[in-house]
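J.: These protein sequence lines are chains A and E, in that order.
Here the first sequence is numbered in numbering that gives the first Met the number 0, starting from 0 and rising by one per residue.
Here the second sequence is numbered in numbering that gives the first Met the number 0, starting from 0 and rising by one per residue.
Every residue, glycine too, gets a C-beta built ideally from N, C-alpha and C.
Quick one: structure below, then a few questions.
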Amino acid sequence: MTPLEGGLLVGLAGLFATTLVRAVRGSALWWAAWVTAATAATLVWSPLSLCVVEWYAGGGSLAGVVQVTYLGGQLTGGVLQTDLKCLLLLLWGVALAVYAVRTTGVEPLLIGVTAVTAGLVTMSTDNLVVLYLSLELQALSLYTLVGFYRFEEERTEAALRYLLTGSLVSGFMLLGFASGYTEHLSFYLHEYTSHPGATWIIGVLLFKLGVAPFHFWTPIVYTPLEWGTLALVLGVSKVNSWYLLVGLFRPCLGPTWWSLWWAAWLSVAVGAVGGYFQNNVAGVLAYSGVINGGYLLLLTVGGDYFGFGYYLVTYLWGTTLLVAAAAVWPVTQLSGLAHWSKLGILTPLLLYYLTINLGGLPVFPGFFAKLILLRGILEFGWLTVGTVVAASLLPAVYYVALAGTALFEPGENTTVVTTNWSPAVTAAVTVVTAAGFNAAVSVV
Amino acid sequence: MEQIDLKVRKTFFFMMARLSRTSGPWVWLVQYAVTAVAVTAAAAWGWSTPGWLVWCTALAFPTVYAVGVIRGGIPAVVAWWVSLAGGAVLAAAAAGAHWAHGRVGAGLLLDGVNLPYLLLTATLMPVVVLASVESIRKNQVAYYGWVLLLTGLLGLVFCVEDFLTFYVLFEALGFPMFLLIGQYGPRRQRVGAAYKFFVYTFAGSAFILPVLVYLQFWLGSTNLTVLKGCQFTEYEQVLFLGLCSVPFAVKIPLIPFHLWLPEAHVEAPTPISMLLAGLLLKTGGYAFLRFLIPVFPVGSYLWGPLLSAVGLFSVGAASLYALVQVDMKRLIAYASVAHMSLVFLGLFSGVALGQQGATYLMLAHGYTSAGLFAGIGVLYDRYHTRTIRYYGGVATVMPGFAILFFVLTLGNFSFPFTGGFAGEFLILTGLALKNWATVLLCGTTVLLSVGYSVWLFNRLFYGGVSPHLEHHQEVTPVEVTVLGVTAGATLGLGWVGGRFVNVTQACYTYGLTTWWE
């Protein structure tokens, strides 16, 4: 383990311990939020090296998160790693705010912090043992969170399925690592000259990312979740897997590019159609994850890492904010969104904005991400571009149907649970970040 | 108004509203006329709106409106004043620009091609707001905000020089429109109409995306001047024009891309129908005129016969559809499709005269169709039905309204000395220079438009008063202003067609059609 990894582990252990102590004393949520925000701010703004990240020469500012020029720097470590760590922490900050809406108890927050910590560790090591253990720790935390409300039968079933399939693919991951170790007799990836277990490893990462053909678990697991955990599994938990795919295991992609290519197309097809048959926001977002995962894979195969970085940040940030905006509704069923006459018009409008942003319609960052996506795949020919454009039409329609329910169905006879969550917060964050993303696209 | 507290009473906007009440019912018309005269005088004096101010309009309209409302203003009155001021800004920009080649600041282009559209936006915007004053009852604060945002965006759409920026703004028009149809329509079916509007426009727009990516990332620019200078291959021209035509054909709309329009018109509230027919449809025709035909001239030439055939079919089919409608709004919607299809034929006529006619017909149709929809709104507000068979004898109980509606009906079937006549005459003359058979086939739409327009007027206004109609009331001053401005413009445009042709001749000949001859 390098000093950097050690420092990272110590820092995150401190974070965990602080949260735990405060949790025991009460007011855990806000302390956890504070610590997370402080850590993120330190990582982003501090001019000093904290021994937990490698700083880009021109970095040290929030621009590192949103300006795509930085995102394509070094693929293993360096800027990509730094930016994605910051992204992970920022997403976790949003998820915490979503938890604040109505979660009682500190356990989900502690489990969430464990998942985040484990995710950060996976982005900071090339030791296969540490990597495997941290991936398992993250997965275990997520299984626990999914099944946390054990009196809800649907969630218990989802957690069980998630556990069983997750355990199976963990075995495949182990097989991939063991293949590498057998050939090179080392646990350190940088000492490897070939990657005999690449197919297994890439397959497991695709499973964790929820892209086709390993997407089957996502709607089942996401659908029964409450908003907080949904924000966690949709955004936070995917950052490190994407990093591993395009960063640490980038050398493995060479021999498997064709399988990624087909996985990308399958994801685009499945994601485009699957969302139509969902009656739950979580289900829609699950298939949104599938199709956007397909787009990101296309950018990966095309080698456009500038585009990859911008698209990933735009997609994950937009999705998490969408969950944050929708968190004022008590349930995740689509029919449950019909409450705007009680909530005021701001929340449905925010949802409208965020859904069309996710659909990649003009003016919004999602549109520029779509342009960058098309630029990245232009080298594959007009047929590819045309197919992606055609496929992107379908999700836009079901995204807008989601917002339309909130906008056009007043639901005057239903009861709305009052929350302490102000949509103005999400609105402010949305506006500021959208301006940042739109400004950043000019760099491209 | 009486419930407003003392503090609010002292605000500027309240005073304006008070003025509107105490100065007599015609104050709306007077204010509109005074603004028009002031802008004309300012333009004659040499004042022109700077480019940066035009850029600000899209966000400035709703922002100033929001401030006014927060300060205690009445939404409708604040929106009226903002729309008058905004219209003045846009009209001054148009009036002060050069007719032949007018770059105004960074990224804006104002010349003979787009000035008519900008003037149409500037003059129709307050009319739309005014038409809302008595017809929009719920959630007014958000409503006027969306309308002002929409009109501000329209002003920019007709000015920008960059194709990508144009596309982004063109798409952005759909978002407030989706809300306005889906939330403010009078019936439950409005939601389906809003979705249909969204799906059609968004699906059409997707075709243009690959072209934009190619232009932006491979050529490095989507600026109109740069694009016009590019030497595209024949294959590229055909491909690009074909792809780019789809979203604008949807917006015009041409049959068979038209299905969203009748639904949207029927379900939208009256002022939004006015906005849709008067301004939004024009963005499709304008895109062909400003960007597609000049940038892809060979593509236009090669696609010309096929697109003209589609336009011809669309003209005839829409006119026939209009003849069999039982809902008066749907009838005018199909009449709009027929007129805009004729515009499309003018655009692809290949001569300057035809394209000038296309612009002129769009201008005339903007006022006439907006006025007709306003007239239908007047009837719907009183009798709560749009089904033609329930009407009859309205001229007996609303004679003033009958006169105004008659003028608009004349414009709808392009009677001489109305704007529609001048536009259609120019288009048909342009087409006659190329192909007489096309002119003869297009001529059928003139006959059919007489049929459905006169039939509609006859059924609504003549005969005995229908027993289904109760609680008659002559048009209010607000309604007279709305109908008067649109009817006046319809008549006025019938007299200045020749002047329009003369002042835009150089622009159309030099800027658009040198490739063709």
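Quick check: Ala-401 of chain E and Phe-460 of chain E, are their CB atoms within less than 9 Å of each other?
T.: Going by C-beta atoms, Ala-401 of chain E is nearer than 9 Å to Phe-460 of chain E.
J.: I'd like to know whether the C-beta of Trp-261 of chain A is nearer than 9 Å to at least one C-beta of chain E.
T.: For Trp-261 of chain A, the answer is no, since every Cβ of chain E falls outside 9 Å of its Cβ.
J.: Three or more C-beta pairs under 8 Å: does that hold for the region 224-239 of chain E against the region 136-152 of chain E?
T.: With a cut-off of 8 Å, the region 136-152 of chain E and the region 224-239 of chain E do not count as touching, because too few Cβ pairs lie within range.
J.: Against chain A, with Cβ distances strictly below 9 Å, would Pro-521 of chain E count as a contact?
T.: There is simply no residue 521 of chain E to check, as chain E begins at 0 and stops at 516 in what is shown.
J.: Checking contacts by CB at 9 Å: is Trp-217 of chain E closer than that to chain A?
T.: yes
J.: What number of angstroms, rounded off, separates the C-alpha of Asn-457 of chain E from the C-alpha of Leu-123 of chain E?
T.: When rounded, the distance between both Cα atoms is 28 Å.
J.: Is Phe-206 of chain E close to chain A? Criterion is C-beta to C-beta, closer than 9 Å.
T.: yes
J.: Please list, in chain order, all residues of the same chain as Val-309 of chain E whose beta carbon is under 7 Å from its beta carbon, the five residues on each side excluded.
T.: Leu-253
J.: Just to confirm my understanding: we take Pro-218 of chain A, look at its own chain, exclude 5 residues before and 5 after, and list those with CB closer than 6 Å. What are they?
T.: Gly-282 and Ala-285
J.: Please state whether the Cβ-Cβ distance between Gly-349 of chain E and Lys-433 of chain E is less than 9 Å.
T.: yes
J.: Quick check: Val-112 of chain E and Tyr-389 of chain E, are their CB atoms within less than 9 Å of each other?
T.: In this structure, Tyr-389 of chain E does not lie closer than 9 Å to Val-112 of chain E by Cβ.
J.: What would DSSP say about Thr-232 of chain E, mapped onto helix, strand or coil?
T.: coil
J.: I think Thr-367 of chain E touches Leu-407 of chain E, with their Cβ atoms under 8 Å apart; what is that distance to the nearest whole Å?
T.: Confirmed, about 6 Å.
J.: Grab me the residues of Val-342 of chain E's own chain with a C-beta within less than 7 Å of its C-beta, minus the 5 sequence neighbours each way, in chain order.
T.: Gly-284, Ala-357, Leu-360 and Met-361
J.: I'd like the span of the alpha helix (DSSP H) that includes His-364 of chain E, first residue to last.
T.: 351-382
J.: Can you tell me which of the three DSSP states Tyr-187 of chain A falls into?
T.: In the structure shown, Tyr-187 of chain A sits in a strand (DSSP, three-state: E or B).
J.: Buried or exposed: Gly-497 of chain E, going by 16 or more other Cβ atoms within 10 Å of its Cβ?
T.: exposed
J.: Which partner residues of Asn-278 of chain A appear in the DSSP bridge assignment?
T.: Residue pairing from DSSP leaves Asn-278 of chain A without any beta-bridge partner.
J.: Taking only three categories from DSSP, how would you classify Asn-113 of chain E?
T.: coil
J.: I need the boundaries of the alpha helix (DSSP H) containing Phe-162 of chain E, first residue and last residue.
T.: 162-171
J.: Quick check on this structure: which residue in E:Met-327, E:Val-336, E:Phe-290 and E:Leu-288 has the alpha carbon closest to the alpha carbon of Glu-266 of chain E?
T.: E:Met-327
J.: Excluding the five sequence neighbours on either side, which residues of its own chain have a C-beta within less than 7 Å of the C-beta of Ala-193 of chain E, listed in chain order?
T.: Phe-177, Ile-180 and Gly-181
J.: At the level of alpha carbons, what is the spacing between Ala-390 of chain A and Asn-278 of chain A?
T.: 21 Å
J.: Smallest Cα separation from Pro-49 of chain E: which of E:Val-132, E:Leu-108 and E:Ala-75?
T.: E:Leu-108
J.: Run through chain E and tell me which residues come within less than 7 Å of Leu-144 of chain A, C-beta to C-beta.
T.: Per Cβ cutoff of 7 Å: no residues; Leu-144 of chain A is ~36 Å from chain E at best.
J.: Below 8 Å on the Cβ atoms is my contact criterion, and I expect Val-156 of chain E with Phe-169 of chain E to pass it. Report the Cβ-Cβ distance as a whole number of Å.
T.: 6 Å
J.: What does a CB cutoff of less than 6 Å around Gly-422 of chain E pick up in its chain, not counting 5 residues either side in sequence?
T.: Gly-356, Tyr-359, Leu-360 and Ala-363
J.: Which stretch, first to last residue, makes up the alpha helix (DSSP H) that contains Trp-44 of chain E?
T.: 26-44
J.: Taking only the alpha-carbon atoms, compute the straight-line gap between Gly-146 of chain A and Thr-116 of chain A and give it to the nearest angstrom.
T.: 20 Å
J.: Could you tell me the alpha carbon to alpha carbon distance between Pro-107 of chain A and Asn-356 of chain A, rounded to whole angstroms?
T.: 30 Å
J.: When the Cα atoms are used, what is the spatial distance from Pro-185 of chain E to Tyr-333 of chain E?
T.: 20 Å
J.: Taking its Cβ as the centre, do 16 or more other Cβ atoms sit within 10 Å of Ser-244 of chain E, making it buried, or is it exposed?
T.: buried
J.: When Cβ atoms are compared, which residues of the region 169-183 of chain E fall closer than 9 Å to chain A?
T.: Here the close residues are Phe-169, Glu-170, Ala-171, Gly-173, Phe-174, Phe-177, Leu-178, Gly-181 and Gln-182.
J.: Are there 16 or more other CB atoms within 10 angstroms of the CB of Val-29 of chain E, so buried, or fewer, so exposed?
T.: exposed
J.: Give me, in chain order, the residues of the same chain whose beta-carbon lies closer than 8 Å to that of Leu-127 of chain A; leave out the 5 immediate sequence neighbours on both sides.
T.: Phe-176, Gly-179, Tyr-180, Phe-186, Tyr-187 and Leu-188
J.: So, using beta-carbon positions, are His-214 of chain A and Phe-248 of chain A closer together than 9 Å?
T.: No, they are not a contact pair.
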